[in-house]
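If you're matching positions, the sequence shown starts at 1 in the working numbering and goes up one per residue.
Shown next, in structure tokens, is the structure this report addresses.
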Amino acid sequence: MNIITLASRKGGAGKSTLTAHLAAQSCVTGERALVIDADPQGSLTLWHSLRSGGEPRLFSAARGIEAPLAHAMMEGYDWVFIDTAPSMWVVVTEAIRAATLVLIPARPGLFDLNAVRETVNVARERNRPYAVVLNAAPVKRDDREAPVVAQSRGFLDKLGVPVWSGQISQRAGFALSLGAGLSAAEADVRSLAADEIGRLWNAVRRSVEAINAANAAARANSESARADTPSETGRPRAA
Ligand SMILES: Nc1ncnc2c1ncn2[C@@H]1O[C@H](COP(=O)(O)OP(=O)(O)OP(=O)(O)O)[C@@H](O)[C@H]1O
Ligand SMILES: [Mg+2]
Numbered sequence: 001m002n003i004i005t006l007a008s009r010k011g012g013a014g015k016s017t018l019t020a021h022l023a024a025q026s027c028v029t030g031e032r033a034l035v036i037d038a039d040p041q042g043s044l045t046l047w048h049s050l051r052s053g054g055e056p057r058l059f060s061a062a063r064g065i066e067a068p069l070a071h072a073m074m075e076g077y078d079w080v081f082i083d084t085a086p087s088m089w090v091v092v093t094e095a096i097r098a099a100t101l102v103l104i105p106a107r108p109g110l111f112d113l114n115a116v117r118e119t120v121n122v123a124r125e126r127n128r129p130y131a132v133v134l135n136a137a138p139v140k141r142d143d144r145e146a147p148v149v150a151q152s153r154g155f156l157d158k159l160g161v162p163v164w165s166g167q168i169s170q171r172a173g174f175a176l177s178l179g180a181g182l183s184a185a186e187a188d189v190r191s192l193a194a195d196e197i198g199r200l201w202n203a204v205r206r207s208v209e210a211i212n213a214a215n216a217a218a219r220a221n222s223e224s225a226r227a228d229t230p231s232e233t234g235r236p237r238a239a
């Protein structure tokens, strides 16, 4: 089961917006996905209440994320998306610890980017893969990024923080579709907003594949190292 945690200490960075659009996008592409609302503000719960059909399913994390994650595992979900509060409460750090990949939305600009450090530190301390997603960025002109986006990439690069190479632009469509209980693609599959979320979802899938492959290789290495280690009797532990 792949767990994508959307986290940022900064309020209004786009955690709930990206959680909803990504989770709905994953369902469009045929995945069994679930969202966990781990923010007492209840933005995801509100969005979900406006949807018809019930997919992706929503679990609350009112009493922590352990129980909803165990439930999701038992029910065989492939993807879990967790929306978190703009804080470093225990439930947020637990959601980061449980993550296959932590996505940190940030608006381009010094103050917002500076605020990602705290979330980055928590992900690093817990050894979880993470990446910043530049959100609400000025729309590209002639396929060129705005100077503030290029400057933001430079700032994060100096901190050694990985950043998704694409961007989610400031588009009314992101907010409007959520207000109707939809995702960008459900509102208009040919919209630029839907295209950007599609690209982000593809990047998330590719990253998670790479993370899972690296984890499997590390496990195989440590198992073969254990098998090669002589036991107390002088014989190898495993055949
Ligand atoms: N790419 C975007 N284009 C247009 N509006 C956006 C975009 N991203 C977010 N918004 C708007 O910005 C506001 C804050 O976004 P959102 O609620 O997703 O942030 P958040 O990080 O979840 O905030 P909080 O920390 O309070 O939970 C919302 O009104 C949302 O509609
Ligand atoms: Mg939110």
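Glycine included, every Cβ here is placed at the ideal spot set by N, Cα and C.
Here the structure is a predicted model, which is why all the values come from computation and not from measurement.
The segment 4 to 13 makes contact with the segment 102 to 110: 3 or more CB pairs, one atom from each, lie closer than 8 Å. Residue 66 counts as exposed, since fewer than 16 other beta carbons sit within 10 angstroms of its beta carbon. Note on the segment 100 to 155: whole beta strand (DSSP E) runs with a minimum of 3 residues are 101 to 106, 130 to 134, in chain order. DSSP places residue 201 inside the alpha helix (DSSP H), whose first and last residues are 192 to 228. In this structure, the beta-carbon distance from residue 80 to residue 134 does not fall below 7 Å. Rounded to whole angstroms, the Cβ separation of residue 22 and residue 200 is 7 Å, and the two are in contact under 8 Å. By the criterion of at least three beta-carbon pairs nearer than 8 Å, the segment 163 to 171 is in contact with the segment 131 to 146. Inclusion of residue 15 in the 6 Å shell around ligand 2 follows from its C-beta lying nearer than that to a non-hydrogen atom of the ligand.
Looking at the backbone, the Cα of residue 228 and that of residue 222 are separated by about 10 Å. Excluding five sequence positions before and after residue 207, the CB atoms of its chain that fall closer than 8 Å to its own CB belong to 101, 129, 131, given in chain order. Cβ contact annotation for residue 31 (same chain, cutoff 7 Å, sequence separation greater than five): 78, 79, in chain order. The closest CA to that of residue 44, considering only 60, 52, 29, 53, is found on 60.
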